[in-house]
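**Student:** My structure is below; once you've seen it, I'll send some questions.
Now the structure itself:
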């Protein structure tokens, strides 16, 4: 082969590789600037020692967390899958419990009454901690939408245990109207239901719906007992009157009227 036929050697074409993006904790090589994982002792790009390499700063909140050893192959994915499964179970459990609680509150009067009483008791505890005092409030006038001739509405607020208001339940549920002559903030009431001498002789109120001129209202659940019942009430601030509607009954097999022996209100002093 003649010298003129020989081809000059060509220089190798350098390959361009994408450099690793620096991450918190990486070691920056002082020779080439490569970002190396913190587990390396020599630069992956130029081979220089990383003993004096600069460390990429971590986020401030990560510094508060304890260091964790690197996860083994497959362990990180398993932990992530387990974590997601636990979160999913907890989320659905909370949703089912919430829907169940709302269903019980809406469909079970006993549960609703217990929840309302508990909430009012806690509110009363807070008020008592700050020294809130209650005092009886007497109506200056009391009327009813219906009443028996010998058992008028006045007998429901005369502080006597042997008298009672008696009213027919048709064509519509009866109601008392108590006028206090001034604005009050009612918080409690003592209620006695039925005929004191013959408890089963008439229907007894099971649920009272209180309505105030301010637009507020409140429901009171009553047990079927001749004993006095202390009930918590609310939503009456600024009202001078209250309408006491008998909306549900403990029914009697012998009577067609409803009997309410006594209702006494207590307000914030």
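Residue numbers (the UniProt record's numbering): 1 to 269.
Built from N, CA and C at the ideal position, the CB exists for glycine as well.
Remember, it's a predicted structure, so these values are computed and weren't measured experimentally.
#1: Looking only at DSSP bridge pairs, what is residue 166 linked to?
#2: In or out: residue 192 buried (at least 16 other Cβ within 10 Å) or exposed?
#3: As a quick exercise: from 115, 178, 168, 184, pick the residue whose alpha carbon is nearest that of residue 150.
#4: With 16 other CB atoms within 10 Å as the buried threshold, where does residue 32 fall?
#5: Name the residue from 195, 214, 216 whose alpha carbon lies nearest to the alpha carbon of residue 163.
#6: Can you tell which of 249, 41, 50, 158 has its C-alpha closest to the C-alpha of residue 172?
#7: With distances taken Cα to Cα, identify the nearest neighbour of residue 206 among 236, 238, 251, 146.
#8: By DSSP, does residue 50 sit in helix, in strand, or in coil?
#9: Going by DSSP in three states, residue 33 sits in which element: helix, strand or coil?
#10: Distance, Cα to Cα, residue 161 vs residue 213?
#11: Enumerated in chain order, which unbroken segments of the alpha helix (DSSP H) with a length of 4 residues or greater are wholly contained in the segment 197-226?
#12: Comparing alpha-carbon positions, which option in 203, 225, 235, 222 lies nearest residue 216?
#13: Can you give the Cα-Cα distance for residue 253 and residue 209, rounded to whole angstroms?
**Tutor:** Considering the structure as presented:
#1: Mapped onto the chain shown, residue 166 falls at position 166. Note: residue 166 sits in a beta bridge opposite 259.
#2: Start at 1 with the first residue of the chain shown, and residue 192 comes out as number 192. Result: buried.
#3: Translated into positions along the chain shown, residue 150 becomes position 150. Selected option, being the one with the closest Cα: 168.
#4: Translated into the one-based positions of the chain shown, residue 32 becomes position 32. It is exposed - the Cβ of residue 32 has fewer than 16 other Cβ atoms within 10 Å.
#5: If you number the chain shown from 1, residue 163 lands on position 163. Answer by Cα proximity: 195.
#6: Here residue 172 refers to the residue found at position 172 when the chain shown is read from its first residue. Nearest of 249, 41, 50, 158 to residue 172, Cα basis: 249.
#7: Position 206 of the chain shown holds residue 206. The residue with the shortest Cα to Cα distance from residue 206 is 251.
#8: Counting from 1 along the chain shown, the entry for residue 50 is found at position 50. Coil.
#9: In the chain shown, counting from the first residue as 1, residue 33 sits at position 33. Of the three classes helix, strand and coil, the one that applies to residue 33 here is coil, per DSSP.
#10: For the purposes of this step, residue 161 is taken as the residue at position 161 of the chain shown. For the purposes of this step, residue 213 is taken as the residue at position 213 of the chain shown. For residue 161 and residue 213, the distance between alpha carbons rounds to 29 Å.
#11: none
#12: The count along the chain shown starts at 1 and reaches residue 216 at position 216. It is 235.
#13: Residue mapping note: residue 253 aligns to position 253 of the chain shown, counting from 1. Residue mapping note: residue 209 aligns to position 209 of the chain shown, counting from 1. The straight-line gap from Cα to Cα measures roughly 24 Å.
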